[in-house]
Amino acid sequence: MLIKANKTFALTNYKWAQGSDEQHLLSSLFSNYNKNLRPVINAAEVVNVTVEPSPFNIVETDEASDSITIVLWFYMEWKDEFLHWNSSEFGGMEELLVPSSDIWYPDVIVYNTISIQSHLPEIKNYVLIASDGTMYLTLSQILTMRCQYHIIMFPFDIQTCKVKLGSWVHSMDEIDIFYTTPNADRGSYNENPAWELISMPATKSTVLNGDTTQVIIDYDIVIQRKPIYYLLTFILPCFMITTISIVGVFSPFNDVGDREEKVTMGLTTLLTMTLVLTLIADKMPKSSEGLSLLGTYVLLQIVIAAVTTLISVVIMYQSRSWAFGKPVNVLINIQPPWAANLPWSRGASFILCTR
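Residues in the sequence shown are numbered from 1 upward in steps of one, following UniProt numbering.
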């Protein structure tokens with residue numbers, strides 16, 4: 001069935017008929033042909049169209065603008081009751097290639113697109129016509145579509161982007177659309193360095209558009225982000241910086257007992273983490289779902305760095321008080337009396353008061 005559609009995309013596989021047989025066939029088929037009419041003898045009949053999209057490449061995903069750009073090949077098959085012949089009368093010709101601009105073909109489009117760009121103009125797209133009137137058409141299009149990203153689990157997220165196919169003007173009483181397999185063929189797909197294509201399942205439904213009912217085929221493009229880039233450039237460096245900051249708090253005093261370097265290191269860590277969080281926020285869509293997993297991780301690192309910096313300041317203040325012979329229990333002094341007897345308070349006071 002749709003395997004024959006590949007011939008319309010690779011014209012080198014077709015053996016062009018030569019001479020009077022081809023000319024005679026073209027004249028016979030198109031002498032009274034009207035491409036503006038549906039290809040049925042009985043106007044009450046429905047044109048059954050089989051559509052099979054095949055993903056070729058994910059060009060770009062833009063989380064900030066909620067869009068995805070993908071290259072799709074569309075294989076379409078239907079029957080034209082006006083374009084059929086007896087091959088024995090035309091030198092055994094079983095197939096014929098004609099420009100798609102010369103015939104009627106289904107007005108099946110992608111509804112939820114922002115922009116569509118075809119690889120070839122209409123006059124260079126060809127339809128393969130079989131002798132029994134079966135038509136095969138292949139279209140290659142670059143589609144930019146709306147895609148609602150859910151970023152809570154970023155960068156370990158799985159996203160689903162929809163491709164909504166349907167006739168632009170015809171109701172289901174005029175054109176009915178089918179798919180052959182429940183999952184789109186991914187045999188021609190080229191891997192994307194940032195995303196893995198998990199599946200592309202199809203569902204069929206009908207929608208009421210005014211007084212007419214139209215057939216809609218929904219394909220869900222299920223993609224999973226490859227997190228290795230974010231692990232190496234965000235998560236691991238943030239962890240290492242925060243770990244160094246924590247270790248620095250409990251490092252020994254220098255010879256004069258100063259700890260300004262530790263405070264400086266803590267402030268530098270805070271500045272670095274804030275910059276990382278800003279970079280992450282710029283890549284993410286403005287969503288009411290909340291902060292992403294990676295954003296939460298970086299925010300936690302900021303809190304840890306802030307706490308360690310505060311501890312460094314407190315210890316430095318305590319150390320200088322000792323230097324003047326006036327040891328001060330900072331934690332006890334800044335707490336209400338009832339909190340001074342808590343276990344964590346006594347433990348922290350011990351840490352701060354012991355050199």
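Beta carbons are placed, not taken as given, at the ideal position from N, Cα and C, and that holds for glycine. All values reported here derive from a predicted model rather than from experimental measurement.
TODO: Within 10 angstroms of the Cβ of Asp80, are there 16 or more other Cβ atoms? Answer buried if so, exposed if not.
DONE: Translated into the one-based positions of the sequence shown, residue 80 becomes position 80. By the neighbour-count rule (16 or more Cβ atoms within 10 Å), Asp80 is buried.
TODO: Give the secondary structure of Pro155 by DSSP, where H, G and I count as helix, E and B as strand, and everything else as coil.
DONE: In the sequence shown, the residue the question calls residue 155 occupies position 155. Note: Pro155 maps to coil in three-state DSSP.
- [ ] In angstroms with no decimal places, state the Cα-to-Cα distance between Thr242 and Ala281.
- [x] Stepping through the sequence shown from its first residue, residue 242 is reached at position 242. Stepping through the sequence shown from its first residue, residue 281 is reached at position 281. Rounded to the nearest angstrom, the two C-alpha atoms are 20 angstroms apart.
Open item on the list: On the DSSP letters alone, give me the boundaries of the beta strand (DSSP E) that Gln23 sits inside.
Closed with: Stepping through the sequence shown from its first residue, residue 23 is reached at position 23. Counting along the chain, Gln23 falls outside any beta strand (DSSP E), though it belongs to the alpha helix (DSSP H) covering Ser20 to Phe30.
Task: Paired residues, beta bridge with residue 357 - DSSP - done: The shown model of the chain, from 1 to 355, leaves out residue 357, and the question about it has no answer.
Task: Own chain residues within Cβ distance below 6 angstroms of Ile302, not counting five before or after - done: Taking the sequence shown and counting its residues from 1, one reaches residue 302 at position 302. Excluding sequence neighbours, Ile302 sits near Met273.
Task: Secondary structure of Glu94, DSSP reduced to three states - done: Here residue 94 corresponds to residue number 94 of the sequence shown, with the count starting at 1. In this structure, Glu94 counts as coil in the three-state DSSP scheme.
Task: Glu94 to Lys204 span [Cα, whole Å] - done: Here residue 94 refers to the residue found at position 94 of the sequence shown. Here residue 204 refers to the residue found at position 204 of the sequence shown. Near 33 angstroms, if we compare the C-alpha coordinates of Lys204 and Glu94.
Task: Own chain, CB closer than 8 angstroms to Tyr14, minus 5 neighbours either side, in chain order - done: As a first step, residue 14 is located in the sequence shown; it is residue number 14 there, counting from the start. Bear in mind that a pLDDT of 42 at Tyr14, under 50, signals an unreliable position, so the number given afterwards is only what the model happens to contain. Closer than 8 angstroms at the Cβ level, and outside the excluded window around Tyr14, lie Lys7, Glu95, Leu97 and Leu128.
Open item on the list: If distances are taken between C-alpha atoms only, which option among Tyr219, Leu271 and Glu77 comes closest to Asp106?
Closed with: Here residue 106 is taken as the residue at index 106 of the sequence shown, counted from 1. According to the sequence shown, residue 106 is Pro rather than Asp. Minimum Cα distance to Pro106 is reached at Glu77.
TODO: Run the CB neighbour count on Leu277, radius 10 Å, all protein chains shown included, and call it buried at 16 or more, exposed below.
DONE: On the sequence shown, residue 277 is found 277 positions in, with the first residue counted as 1. Per the 10 Å Cβ criterion, buried.
TODO: Measure from the alpha carbon of Leu72 to the alpha carbon of each residue in Glu63, Asn57 and Ala64, then state which is nearest.
DONE: Your numbering for residue 72 matches position 72 in the sequence shown. When only C-alpha atoms are compared, the closest one is Asn57.
TODO: Throw me the rounded Cβ distance for the Val51 and Ile217 pair, which I believe falls under 8 angstroms.
DONE: Indexing the sequence shown from 1 puts residue 51 at position 51. Indexing the sequence shown from 1 puts residue 217 at position 217. Confirmed, Cβ separation roughly 6 angstroms.
Open item on the list: Buried or exposed, going by whether 16 or more other CB atoms sit within 10 Å of the CB of Val298?
Closed with: Locating residue 298 in the sequence shown gives position 298, where the first residue counts as 1. Its Cβ being crowded by 16 or more others within 10 Å, Val298 is buried.
Task: Backbone CA spacing between Ile109 and Met240 [nearest angstrom] - done: Numbered from its first residue, the sequence shown carries residue 109 at position 109. Numbered from its first residue, the sequence shown carries residue 240 at position 240. Looking at the two C-alpha atoms, the distance is approximately 51 angstroms.
Task: DSSP state of Thr212 mapped onto helix, strand, coil - done: Numbered from 1 along the sequence shown, position 212 holds the residue referred to as residue 212. DSSP places Thr212 within a strand segment (E or B) once states are collapsed to three.
- [ ] Evaluate the contact criterion for the segment 170–178 versus the segment 205–216: three or more CB pairs, one atom per stretch, below 8 angstroms.
- [x] yes
Task: Candidates Pro227, Tyr179 and Val49, of which the one nearest Ala194 by Cα - done: By one-based count along the sequence shown, residue 194 stands at place 194. When Pro227, Tyr179 and Val49 are compared, the shortest CA-CA separation from Ala194 is found for Pro227.
Open item on the list: Using a 10 Å radius around the Cβ and a threshold of 16 neighbouring Cβ atoms, would you call Asn183 buried or exposed?
Closed with: On the sequence shown, position 183 is the one that residue 183 refers to. The residue in question, Asn183, is exposed, as its Cβ has fewer than 16 Cβ neighbours within 10 Å.
Open item on the list: Which residue wins for smallest C-alpha separation from Val47, given the options Glu174, Met145 and Leu271?
Closed with: On the sequence shown, position 47 is the one that residue 47 refers to. Residue Glu174 is the option with its Cα nearest to Val47.
Open item on the list: Counting beta carbon pairs with one atom in the segment 219–235 and one in the segment 148–165, are three or more of them shorter than 8 angstroms?
Closed with: Note that the segment 148–165 touches the segment 219–235; at least 3 beta-carbon pairs, one per stretch, sit closer than 8 angstroms.
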